[in-house]
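Residue numbers (our numbering): 659 to 851.
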């Protein structure tokens, strides 16, 4: 098979996943989690119910897709950091790069995401996703020098990022997410010193 065709196919799949995710977020904010069906999400994304099922197991997965993609990117980038960095340095370098690339975040996205996560089934799915991410991140830093066990560092790092996001929303963008994230990560870093 031609690599150009494969690249196009993969791009189209990624675009479809993103369209379904965005439709799920928008509909959940407009109608509430219980007021949204998989069929409604599929219609809003202009795909069939069957196509939806090819991409996501349920509406929870569609809603959390964007967050999980950022998590996968974070772990992959930590693995790519230079081998001479400590575990904490590799994670900090990665998030600094990601903050720079994100630029100014769309606050509406953050609010939609926060609203969507108020449902218990969605929260349970998110917690399972966070536990998986914590394990993957711990594995990604396991061979690097660290002042604590990899799982402890991964949990502290991810907890700091979640806290930074919540604080950024509460402060109504008075400061950038990167500034708040750096402040909280610095504080956590001092705890390991």
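Every residue gets a Cβ at the ideal spot worked out from N, C-alpha and C, and that includes glycine.
By alpha-carbon positions, which one of the options ends up nearest to residue i?
| i | options | result |
| --- | --- | --- |
| residue 684 | 675, 671, 692, 699 | 699 |
| residue 755 | 670, 666, 723, 839 | 839 |
| residue 816 | 711, 829, 793 | 793 |
| residue 833 | 818, 784, 762, 820 | 762 |
| residue 721 | 785, 697, 681, 782 | 681 |
Just to confirm my understanding: we take residue i, look at its own chain, exclude 5 residues before and 5 after, and list those with CB closer than 8 Å. What are they?
| i | result |
| --- | --- |
| residue 851 | 805 |
| residue 659 | For residue 659, the pLDDT reaches just 47, beneath the cut-off of 50, and the residue's location in the model is therefore unreliable, although a value from the coordinates is still provided. There are no such residues. |
Excluding five sequence neighbours on each side, which residues of the same chain lie with their C-beta closer than 7 Å to the C-beta of residue i?
| i | result |
| --- | --- |
| residue 752 | 732, 735, 736, 739 |
How is the alpha helix (DSSP H) around residue i delimited, first residue to last?
| i | result |
| --- | --- |
| residue 731 | 717-738 |
| residue 697 | 696-702 |
| residue 742 | No alpha helix (DSSP H) contains residue 742, which DSSP labels as neither H nor E. |
| residue 839 | 835-849 |
| residue 808 | 808-828 |
| residue 858 | With the chain covering only 659 through 851, there is no way to say anything about residue 858. |
| residue 854 | Coverage of the chain is limited to positions 659 through 851, which leaves residue 854 absent and any answer about it impossible. |
| residue 709 | 707-713 |
So residue i and residue j are supposed to be a Cβ contact under 8 Å. How far apart are they, rounded?
| i | j | result |
| --- | --- | --- |
| residue 787 | residue 726 | 6 Å |
| residue 799 | residue 760 | That belief does not hold up - the Cβ atoms of residue 799 and residue 760 are roughly 22 Å apart, past 8 Å. |
| residue 822 | residue 846 | Contact doesn't hold; Cβ gap of about 10 Å is too wide. |
| residue 746 | residue 811 | 6 Å |
| residue 824 | residue 691 | Wrong, their Cβ atoms sit about 20 Å apart, outside the cutoff. |
Can you name, in chain order, every residue of its own chain whose Cβ lies under 6 Å from the Cβ of residue i, other than the five neighbours on each side?
| i | result |
| --- | --- |
| residue 671 | none |
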